[in-house]
Structures are given as structure tokens and as C-alpha cells.
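Below is one structure, written out as C-alpha cells, with a few remarks after it.
Residue numbers (UniProt numbering): 1 to 155.
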């Protein structure tokens, strides 16, 4: 009788051990997938920001007279910006990141068309995009410090 109880206890212990190992493996796989997605999203965000910076610089500091070479270069940059925005749209987990990327790209396109003459008009969409990017990369975590003070969130 004691040997049968020992076998049953051993089987239960073995099954419980397998359950714990399986659960740990699942958690480890989820953490690896999250890290891979975060790295991919970070790369896409940095690409978008790089192109956005070049569009802003070309649109707001470029020559004011119409030069077809400059216009062509700026047009290509805007095309590249919209492609980078589409990459964010595909990679983002949250709608706020998708929406703020679109709004920031749209404002930059307006600047490229000469409809925005002041860089300060781009700061609001840029800050909103950065906040949404942070929230998508690090869900549930608050930003430690903000470069431009508060952005409508609790400090």
C-alpha cells in the first residue's frame, strides 16, 4: 500500500514539475517575442524619425525660391516619410501610435508643401508621437523625464 502511495505521489510530483517547466518556457518565449517585437518597432520608429528630421530640415530651412532639384528631393523625402509611416502602421501594437505617426507625417507633408512655415507648429505632433511611441514600446511604464516639460500627462 505504501509503495502504491509512493508511486502516485511521484507521478503527481512529476506532472507538477512538468507543468512548472512548461509554464516557465512559455513565459520565456513570450518575453523573447516581446523583446524581438520591441527591437523591430524601435528600428521602424528610428527610421521614421530620421526621415522626419530630414523632411523638417529641408522644408523649413531650404531655399524659398522654387528649385526643381530641391522640390524633387523634398518630394522623394516625403514619399520616404509616408513609407516609414506605413511601416509603423504595420508594426505598432496600439492605435495611438498609428494615429500620432499619421498626424505627424501629415503635418510634415504640409511643411514640405510650404503650408507650415514655423517649426513650432511641428512640436505638438512630434511630442504626441514620441509619447505614443514610448507607450507602445514600454506599455504600462511612465517616462522618467520629459524633455519639454509636461505634455498633458501627470508629471
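All C-beta atoms, glycine included, are put in the ideal place defined by N, C-alpha and C.
Since the model is a prediction, treat every value here as computed from it, not as a measurement.
- Residue 51 is positioned such that its CB atom lies closer than 7 angstroms to that of residue 81.
- Exclusion of the five residues before and after residue 78 leaves 55, 109 and 112 as the residues of its chain whose Cβ lies within less than 7 angstroms of its Cβ.
- Between residue 46 and residue 88, the alpha-carbon positions lie close to 10 angstroms from each other.
- Using a Cβ distance threshold of 7 angstroms, residue 38 and residue 137 count as a contacting pair.
- Comparing C-alpha distances from residue 96 to each of 30, 132, 20 and 3 shows the shortest one belongs to 132.
- In this structure, residue 104 lies near residue 125, with their beta-carbon atoms less than 7 angstroms apart.
- Taking C-alpha positions only, residue 129 is separated from residue 142 by approximately 15 angstroms.
- Between residue 92 and residue 98, the C-beta gap is smaller than 7 angstroms, which places the two residues in contact.
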